[in-house]
Each structure stands twice: as structure tokens, then as C-alpha cells.
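These notes concern the structure reproduced below.
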Amino acid sequence: MRLTSVTVWLLVGLTGSGKTTFARRLEARGVVRLSVDEEVFARHGRYGIDYHESEYFAKEAPVVLDTHRRLAALVEAGRDVVLDAGLWRRTDRDETKKLVEATGGSWRLVYFDVGRDELLRRLTDRNQRGDANALRVTPEALDDFTARFEVPSGEGEELFHDALS
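Residue numbering for the sequence shown follows full-length UniProt numbering, beginning at 1 and increasing consecutively.
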């Protein structure tokens, strides 16, 4: 029997909204950080350079499954976890919440609400890097991301306006 509750932070936001910065802060406090982007990078290289952008979702799908397996095992082992992934669709958020609950954890859904101008500023800086968390994103790609992003509403979300301050 667990004496303390296991918490899983589910981070929701567009590319550049501050999810990884927030997740690393939790990691520094002993929370296990699971990063989908970093695992895709480790397996396949850099988005848009080592493979075409159109291949991302096919490369991401098995990583998400593996990440969910790790998440479940960590929760069952009593570990707090932060899922460093965008969770752009409500169905993905709902499935992940169910997984957390089924394995004995509780979730916190943290939504990073950052405006387009600030995202573009951050992405311009980030596009110069070559690491796993620096997917090259153009203004047009950001507009496409925004069009596909489902803003959380009535899902138990906590609003986080600026994770970088």
C-alpha cells in the first residue's frame, strides 16, 4: 500500500510554449521526466533534417506507445512523472489520464498558454540549435500546429501563462 499519492504532470502546449523548461524543473526535484521528442530524436535524428517532416507522426507513434508503457511502470512503482509531450488532442489527453488513473496515479493537466508572437520569438532562437528539443519550426508550420491544436477546456486543466518567467 502506498503512503503517498503518485502525481503525473501532463503538459499541454504548442512547440516552444515552455513545456520542456517546466519539465526539467520538476526533474531537478526528483520527478522522472519522459520526453517523446528526445526519444524520437535518439531513434531517428533531427526533424526536417534526418527525415522529412511528413514522417514525424509515423516515427512518433511507437515512441508514444513505449513512453506510455514506461509511464505506467513508473506510476505502479510509486514514482512521480512528468510527461514532456504536447498532448495536442483532447483524445490523447483523455487516454493518458485514464492510463495514469488505471495504474494508481493522479494527474495534473498543465496548459501552457503562450501567444503566437512570443512562440515565434522563442522558436527563432531555438531553430538555431540542433538538439532533440529544437525541432525546426517555421511561422507557417506554427500556423499549421495551431490549427490542429485543441485548447483544453473543462478538462481539469491548470493554466500556465509563461513557464519561462
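For each residue, glycine too, the CB sits at the ideal point set by N, CA and C.
For residue i, I'd like the list of residues in its chain whose CB is within less than 7 Å of its CB, leaving aside the five on either flank, ordered along the chain.
i	result
Gly156	Leu109
Ala72	Leu99 and Thr103
Arg122	Gly16
Tell me the DSSP secondary structure of residue i in three-state form.
i	result
Phe149	coil
Arg2	With a pLDDT of 45 at Arg2, under the threshold of 50, the modelled position of this residue cannot be trusted, and the question is left open.
Leu87	coil
Thr7	strand
Ser106	strand
Glu118	helix
Arg46	coil
Anyone know if the C-beta pair for residue i and residue j falls short of 7 Å?
i	j	result
Leu14	Leu87	no
Gly78	Val6	yes
Val8	Gly154	no
Val36	Val82	no
If I measure Cβ to Cβ from residue i and keep anything under 8 Å in the same chain, skipping five residues before and after, which residues do I get?
i	result
Tyr111	Val12, Gly13, Val151, Pro152, Glu157, Glu158, Leu159 and Phe160
From residue i to residue j, what distance separates their C-alpha atoms?
i	j	result
Leu120	Arg93	25 Å
Ala28	Arg43	25 Å
Val40	His68	14 Å
Gly16	Asp113	11 Å
Asp117	Thr124	11 Å
Glu60	Glu140	21 Å
Glu53	Asp143	15 Å
Glu101	Glu95	10 Å
Thr91	Arg148	13 Å
Thr20	Trp107	17 Å
For residue i, verify whether its CB is less than 6 Å away from any heavy atom of the ligand PLP.
i	result
Ala28	Annotation note on the ligand PLP: not contained in the displayed structure, which lists no ligands.
With a CB to CB cut of under 6 Å and the five nearest residues on each side skipped, what residues in its chain are close to residue i?
i	result
Ala23	Arg33, Val82 and Asp84
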